[in-house]
Each structure stands twice: as structure tokens, then as C-alpha cells.
Amino acid sequence: MKFFLDTANIDEIKRINDLGLVDGVTTNPSLVAKEGRDFEEVIKDIANTVSGPVSAEVVGLEYEEMLSEARQLAKWADNVVVKIPMTEAGLKAVNTLSQEGIKTNVTLIFSVAQGLLAAKAGATYISPFIGRIDDMGQDGLKLIAELREVLDTYGYDAEIIAASIRHIGHFEGAALAGAHIATVPGSLFPKLWGHVLTDKGIAGFLKDWQAYQEAK
Ligand code: E4P
125 MKFFLDTANI DEIKRINDLG LVDGVTTNPS LVAKEGRDFE EVIKDIANTV
175 SGPVSAEVVG LEYEEMLSEA RQLAKWADNV VVKIPMTEAG LKAVNTLSQE
225 GIKTNVTLIF SVAQGLLAAK AGATYISPFI GRIDDMGQDG LKLIAELREV
275 LDTYGYDAEI IAASIRHIGH FEGAALAGAH IATVPGSLFP KLWGHVLTDK
325 GIAGFLKDWQ AYQEAK
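So the sequence shown is numbered by our numbering: it starts at 125 and just counts up by one.
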């Protein structure tokens, strides 16, 4: 399984990348806006920091707008993947871009039908938003498992990025459900390696070691 970071914050990316845990990065317009920096500068910084795919999203909603933005974004770095929203115009753009060899990540996927259509149109990645599905009282992890089953059954190449991950249960569940990739918010990542019993264990070992040293 691959791990992506779901952030546009370069410090968070550098911190986790130094641990050898980052296979790629996903951004969206909200995450980029939070940084208060120039879009192109942010994406180029990230693309220079990690060697894996870096998703940068178009904001135009019309086919021609998406295409021209996508072609521009793809020139910023070799590892840029263009994020396209799941709409009719988006599918058409994905189809054209895939024929041009530009990699795409179809975002805002909330059903098996949407995921299958995006894969058929030629998406490199599809991003089901599990946290937002759970917010609706439905089961985001079930969608991951179903998407994996249909992609495998029909032999599509698209990889599933489990997105909108909110907690450790989503991360572990996405792995168990067969997501190819989990994209994890920078603030959640440190919680994946921490555990209260690990901290307690270290404290206990150190206390016993100190007592042993003092008794010598
Ligand atoms: C994925 O590519 C999106 O950037 C992200 O996971 C959205 O997550 P949210 O629902 O927490 O905004």
C-alpha cells in the first residue's frame, strides 16, 4: 500500500518525507488557499521535495477550461498529476488528457458508478472521500471495498486513493478494504505512529533501568 500526504504545507511534507513514508502528495484548492502562497510556487516546491505523484487541482468547470489548466499544471513538474472533479465535463477532460499521456486523479467520488466511469474514461487515480460519506450517515469504507472489487473484476488500471481520511480507523480500514493508496492529512500522520501503551512502555522501561543503575 502507498501512503500519500493530503496537505499543501511544505513543512509537514518535509517532516514525514524524511521518515521515508511519503509516496506522493494530494492537494486541493482549499488546502492550497490555507497556505496563503502562490499556487504554482507551492506545487513546484512540493514536486521538488517528493519524487512521487503530486496532485494539483483544476478550478475551471468547463471542458476547455479544464484542459487548458491541466496542460499548464502538467508542465510545472514531471510528477504533477492533474486533479479533475467528477462531472461530465471532467470525464471528457480525463478522456482527452489520458490520450495525451497526462495523468489524472478524479476527485469527489461518492459511488461505485462514479468510480467505474472515471476508471473507464482513463483516470490514473480515483479518489473516494470516505470521511464525507460517513458524514452523510453512510459507510465510506464499504465504498472502498466495492470499488476495489469492481476494478479488479473488470481489469481497470486506475488506482484507488482513499481520501477524506479523518482518523486512524479510516486509515486502517482503507488498508483492509484494499485501497491502493491512503492520502493522510499532515496533522493525522503523527497519530499513526503514536500509541499510549508505547509511551507507557518506554516510561516503565526507563524507570526500571534507572532503579537498576542506582542499585549498582
Ligand atoms: C483528497 O484528495 C482531498 O484533498 C481530501 O482528502 C479531502 O478531505 P476532506 O473531506 O477532509 O476535506
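Yeah, the Cβ is synthetic: ideal placement off N, Cα and C, and Gly gets one too.
- Put simply, of Gly328, Thr307 and Glu188 the residue whose alpha carbon is nearest the alpha carbon of Tyr249 is Thr307.
- No Cβ-Cβ contact shorter than 8 Å links His294 with Gly261.
- Rounded to the nearest angstrom, the gap between the Cα atoms of Lys227 and Thr322 is 41 Å.
- Taking C-alpha positions only, Val274 is separated from Gly176 by approximately 26 Å.
- Val182 counts as buried, since no fewer than 16 other beta carbons sit within 10 angstroms of its beta carbon.
- Shortest Cα-Cα distance from His304 to any of Ile268, Lys331 and Val320 involves Ile268.
- Here the distance from the Cβ of Thr231 to the nearest heavy atom of ligand 1 is below 7 Å.
- Here Phe253 has Ala287 and Ser288 as same chain residues with Cβ atoms under 6 Å from its own Cβ, once five neighbours each way along the sequence are excluded.
- Phe127 has its alpha-carbon roughly 14 Å from the corresponding atom of Leu300.
- With three or more CB-CB distances shorter than 8 Å, the segment 231-246 counts as touching the segment 275-283.
- Counting the other CB atoms within 10 Å of its CB gives Thr277 a total below 16, which places it among the exposed residues.
- Distance between Glu159 and Ala132, taken at the CA atoms: about 7 Å.
- Boundaries of the beta strand (DSSP E) around Ile250: Tyr249 to Pro252.
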